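Residue numbers (the working numbering): 12 to 217.
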């Protein structure tokens with residue numbers, strides 16, 4: 012089936028998401044390792060991605076771990092320094108697809124509040140034809156329901172969707188529904204895939 016629309020994950024596809032780099036830079040590697048070992052920041056972030064309040068969840072976590080209160084609050088107060096930088100080639104691919112008339116959708120595990128903050132800083136996040144964000148939908152990849160929501164909302168058949176994501180389990184869940192998947196590592200192989208699918212010319216994909 013011909014590809015009719017391209018679906019982008021956001022973290023580590025369009026924007027680098029590696030909070031460890033921020034904490035290493037600000038607090039040092041040893042302190043960051045202790046923090047990440049003693050405080051389950053991944054669980055905190057998962058709650059936000061599931062739809063819990065961005066501000067309230069992080070502040071509650073900080074109060075529950077007073078020895079690391081300042082560091083945890085940085086996850087909220089300096090969030091844009093954790094979610095950086097943009098991945099320029101990926102952004103160019105997004106915009107090239109749009110110029111070619113190919114619909115582009117976002118499908119991301121992302122908090123509602125943090126997504127709004129990201130949109131205030133990264134203008135390309137407002138350039139999707141449709142955005143499916145876990146914190147808004149209260150559905151998360153790789154659960155089948157969030158893929159079904161995109162299919163229903165977009166009206167595009169599963170076999171006509173090409174999905175780029177950096178996590179194998181998310182790609183596997185999409186492919187189980189008949190989507191075409193691309194496990195994203197760096198932009199260049201994804202650009203080559205878009206050319207191979209006839210969605211972009213080599214020049215457009217550069």
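Positions of the beta carbon are idealized from the N, C-alpha and C atoms, including for glycine.
Model, not experiment: these values are computed from the prediction.
Enclosing beta strand (DSSP E) for residue i [first to last residue]
{"i": "residue 141", "result": "141–144"}
{"i": "residue 172", "result": "172–176"}
Assigned secondary structure, residue i (DSSP; H/G/I helix, E/B strand, else coil)
{"i": "residue 152", "result": "coil"}
{"i": "residue 117", "result": "strand"}
{"i": "residue 167", "result": "coil"}
{"i": "residue 14", "result": "coil"}
{"i": "residue 138", "result": "coil"}
{"i": "residue 43", "result": "helix"}
{"i": "residue 80", "result": "helix"}
{"i": "residue 188", "result": "coil"}
{"i": "residue 161", "result": "helix"}
Environment of residue i [buried if 16+ CB atoms lie within 10 Å]
{"i": "residue 132", "result": "exposed"}
{"i": "residue 43", "result": "buried"}
{"i": "residue 17", "result": "buried"}
{"i": "residue 111", "result": "exposed"}
{"i": "residue 117", "result": "buried"}
{"i": "residue 193", "result": "buried"}
{"i": "residue 66", "result": "exposed"}
{"i": "residue 124", "result": "buried"}
{"i": "residue 170", "result": "exposed"}
{"i": "residue 37", "result": "exposed"}
{"i": "residue 212", "result": "exposed"}
{"i": "residue 73", "result": "buried"}
{"i": "residue 20", "result": "buried"}
{"i": "residue 68", "result": "buried"}
{"i": "residue 204", "result": "buried"}
{"i": "residue 122", "result": "buried"}
{"i": "residue 85", "result": "buried"}
{"i": "residue 140", "result": "exposed"}
{"i": "residue 12", "result": "exposed"}
{"i": "residue 60", "result": "buried"}
Element boundaries [alpha helix (DSSP H), containing residue i]
{"i": "residue 199", "result": "198–207"}
{"i": "residue 104", "result": "99–110"}
{"i": "residue 93", "result": "90–93"}
{"i": "residue 129", "result": "123–132"}
{"i": "residue 66", "result": "65–75"}
{"i": "residue 36", "result": "30–38"}
{"i": "residue 53", "result": "52–60"}
{"i": "residue 215", "result": "213–216"}
Residues that DSSP places opposite residue i in a beta bridge
{"i": "residue 19", "result": "117 and 175"}
{"i": "residue 194", "result": "176"}
{"i": "residue 240", "result": "Only positions 12 to 217 of the chain appear in the structure, and residue 240 is not among them; the question remains open."}
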